[in-house]
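Taking it in order: structure first as structure tokens, then the write-up.
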Amino acid sequence: MASPFSYHYSRDEAHRPVLMIGLERQRSDGYVWGGTYFSNSFGQPSGYVYVGERLANWSQYPQLFAQWTAGVLYGYKGEFKDKVPLNHGGFSPGAVLSVGWQFTPVYSAQLNVLGNSALMFQVSVDLP
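Numbering (the numbering used here), first residue to last: 49 to 176.
This is the structure in structure tokens:
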């Protein structure tokens, strides 16, 4: 999975482009786990390890899915430590809600809600 673009809800001179790359494993029952490496909104190297669930077959469009994840976020340090809640030494809880479209059995795209800060566009390639 990778993210080439994120949209911040508010403009801030300190915001930098957010780029992400990661790996995710999905079990046959829909549960997922994974990790990502990204540059946060302030240009700091960051990471997110998580578990969650992909919810499929809930709409009339079988390609449409929703997903939630929760885990540990790392990387908001120094002057930006207060930009995420409950941050202690750069570690904080994280949660991401997503909606996506499975174009083929291999390719999908999703839109991730990053709290009250941004939307992230993500593309994914499923590996065997």
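Here a beta-carbon is modelled for each residue, glycine too, at the ideal position from N, C-alpha and C.
Give the DSSP-derived three-state secondary structure of Gly61 in the structure shown. According to the sequence as given, residue 61 is Glu; it is not Gly. Coil.
Run the CB neighbour count on Ser89, radius 10 Å, all protein chains shown included, and call it buried at 16 or more, exposed below. buried
Option in Trp106, Glu72 and Gly126 with minimal Cα separation from Gly91: Gly126
Across which residues does DSSP place Thr152 in a beta bridge pair? Per DSSP, none; premise fails for Thr152.
With a threshold of 16 other CB atoms inside 10 Å of the CB of Tyr124, please say whether the residue is buried or exposed. buried
How is the beta strand (DSSP E) around Phe128 delimited, first residue to last? It is not in any beta strand (DSSP E) - Phe128 carries neither H nor E in the DSSP assignment.
Do you know offhand how far Tyr109's Cα is from Gly148's? 11 Å
Note down, in chain order, each residue of its chain lying with its Cβ closer than 7 Å to the Cβ of Pro133, except the 5 sequence neighbours on either side. Ser140
Measure the C-alpha to C-alpha separation of Tyr98 and Tyr79 and round it to an integer number of angstroms. 11 Å
Opposing strand residues paired with Pro141 [DSSP bridges]: Val120
Roughly how many angstroms lie between the CA atoms of Ser172 and Phe86, to the nearest whole one? 15 Å
Between the alpha carbons of Arg102 and Lys129, how many angstroms are there, rounded? 30 Å
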